[in-house]
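So the sequence lines, in the order shown, correspond to chains A and B.
For the first sequence, position 83 matches number 83 in my numbering, and the numbering has no gaps at all.
To convert, take the position in the second sequence, counting from 1, and add 1000; that gives my numbering.
Backbone N, C-alpha and C fix where the C-beta goes; we use that ideal spot for every residue, glycine too.
2 protein chains.
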Amino acid sequence: MTKKDDFDLHLFLPYLLNQAAEAASYGFQRIYKDRYGMLRTDWRVLFHLGIHGRMTARDIGRMARVHKTKISRAVARLEARRFLQREEDPADRRIENLTLTPAGQAAYRDLHAVAESYEADLLRDLAPGEAEVLRKVLHRLAERSVVTRG
Amino acid sequence: MTKKDDFDLHLFLPYLLNQAAEAASYGFQRIYKDRYGMLRTDWRVLFHLGIHGRMTARDIGRMARVHKTKISRAVARLEARRFLQREEDPADRRIENLTLTPAGQAAYRDLHAVAESYEADLLRDLAPGEAEVLRKVLHRLAERSVVTRG
DNA sequence: AGTTAATAGTTGATTTTGTAACTAACAATG
DNA sequence: CATTGTTAGTTACAAAATCAACTATTAACT
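Below you can see the structure in the form of structure tokens.
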């Protein structure tokens, strides 16, 4: 295992970002998975509805940058667990307006609280200025490559 | 779609990290996928071997923090494409020493060059100090939660 | 109006991942 | 030196992600 090349993979941004993202998601994932049997897209949909109150699948997909089939299946799972309900839009019958049921709202409130304290815990290791820079830069990266993506 | 709750999902670190990681990986992914038909674990294994020269699956898995079944499958794919070869370890027959074939080395050199310029492109938007802080903080986050993970 | 294009969302087939069980080889202990 | 435990790696099956094709509905154009 002698070093043949001095490229440091652990400094390569896509790799490093992925390691950090995975590590940072892990603890939160365990909670929404163990406590509610949710998948990643599920909690994201739940949060979007919890935050915004009433949305269509299409809008959630655009906001969260998630493909519509993933949204469709997440919505189906959340509906099966009685966490959300669909209402046909009277003006456009292709559209379904989604809202959380009381059970869904309760799950959202619970996970929202978890998210807040989980994040506080993550930030504990960071100097105050670092968190700002981190968020700003991550946001720029996330936005940036969207253009490239189309 | 009225706002009911002022929690900002896009500032929530696991979410934001994931968006940034996905966006930052996308362009590079397209290249190793389109050009070599590789999957994420494939290029990582390729890079580990390209950098370190000779490793076992076990060591790659530990270094890259990837489960052994994923490594096993990536190695099988890379072997099928004649990018790497296995040698049984004379001292311990459970172990297979992996090395890149000339074709594998060529692919590594190509993707390595792509990675360098791709990263330079990613960093173009960042102020010089920001890149340092970013790497440092990401590294800390990546390390940190490993402890939590066990 | 009638045809064509576009949009919202679902479904099905294929690929990839995750989990657990497995084989083969080595190590440690009595 | 036999049994028990560990480790490296593979395989099988289930869960999930991806991609393309599909239905239903609305919008646009002639």
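Status (buried if at least 16 other CB within 10 Å, exposed otherwise) for residue i
i                         : result
threonine 1069 of chain B : exposed
glutamate 22 of chain A   : buried
aspartate 1042 of chain B : buried
leucine 11 of chain A     : exposed
alanine 1080 of chain B   : exposed
alanine 1113 of chain B   : exposed
alanine 1120 of chain B   : exposed
glycine 1104 of chain B   : buried
glycine 152 of chain A    : Shown here, chain A extends from 1 to 150; a query on residue 152 of chain A therefore has no answer.
glycine 150 of chain A    : Note on glycine 150 of chain A: pLDDT 34, under 50, position unreliable in the model; no value is reported.
Contact belief for residue i with residue j at Cβ below 8 Å, rounded distance in angstroms
i                         : j                          : result
serine 25 of chain A      : proline 1014 of chain B    : 4 Å
histidine 1048 of chain B : methionine 1063 of chain B : 6 Å
Bounding residues of the alpha helix (DSSP H) (the contiguous stretch that carries residue i)
i                           : result
arginine 73 of chain A      : 68–80
phenylalanine 47 of chain A : 40–52
alanine 57 of chain A       : 57–64
aspartate 34 of chain A     : 13–36
Distance, residue j Cα to residue i Cα
i                             : j                         : result
phenylalanine 1007 of chain B : isoleucine 51 of chain A  : 7 Å
threonine 148 of chain A      : glycine 1027 of chain B   : Unreliable positioning characterises threonine 148 of chain A in this predicted model, as indicated by a pLDDT of 43, which lies under 50. A coordinate reading is not provided.
arginine 73 of chain A        : tyrosine 108 of chain A   : 19 Å
isoleucine 71 of chain A      : valine 45 of chain A      : 7 Å
threonine 1056 of chain B     : glutamate 1132 of chain B : 32 Å
tyrosine 1032 of chain B      : aspartate 89 of chain A   : 43 Å
valine 75 of chain A          : aspartate 1110 of chain B : 42 Å
glutamate 1143 of chain B     : aspartate 92 of chain A   : 49 Å
valine 1137 of chain B        : leucine 126 of chain A    : 7 Å
leucine 123 of chain A        : isoleucine 95 of chain A  : 40 Å
histidine 1067 of chain B     : arginine 1077 of chain B  : 16 Å
phenylalanine 83 of chain A   : alanine 106 of chain A    : 9 Å
glutamate 1087 of chain B     : arginine 1058 of chain B  : 14 Å
glutamine 19 of chain A       : arginine 1065 of chain B  : 9 Å
glutamine 85 of chain A       : arginine 140 of chain A   : 35 Å
arginine 135 of chain A       : tyrosine 1036 of chain B  : 34 Å
leucine 1098 of chain B       : lysine 4 of chain A       : 14 Å
arginine 1040 of chain B      : glutamine 1029 of chain B : 7 Å
leucine 17 of chain A         : leucine 1017 of chain B   : 7 Å
glutamate 130 of chain A      : proline 1128 of chain B   : 14 Å
serine 1117 of chain B        : leucine 100 of chain A    : 46 Å
alanine 1115 of chain B       : glycine 1053 of chain B   : 18 Å
leucine 9 of chain A          : aspartate 1034 of chain B : 21 Å
Near the ligand ATP: residue i beta-carbon under 7 Å from a heavy atom
i                      : result
arginine 44 of chain A : This structure lacks the ligand ATP, and indeed carries no ligand of any kind.
Residue interval of the beta strand (DSSP E) (run including residue i)
i                        : result
arginine 1124 of chain B : Element bounds for arginine 1124 of chain B: n/a, residue is neither H nor E.
threonine 99 of chain A  : 96–100
arginine 86 of chain A   : 84–88
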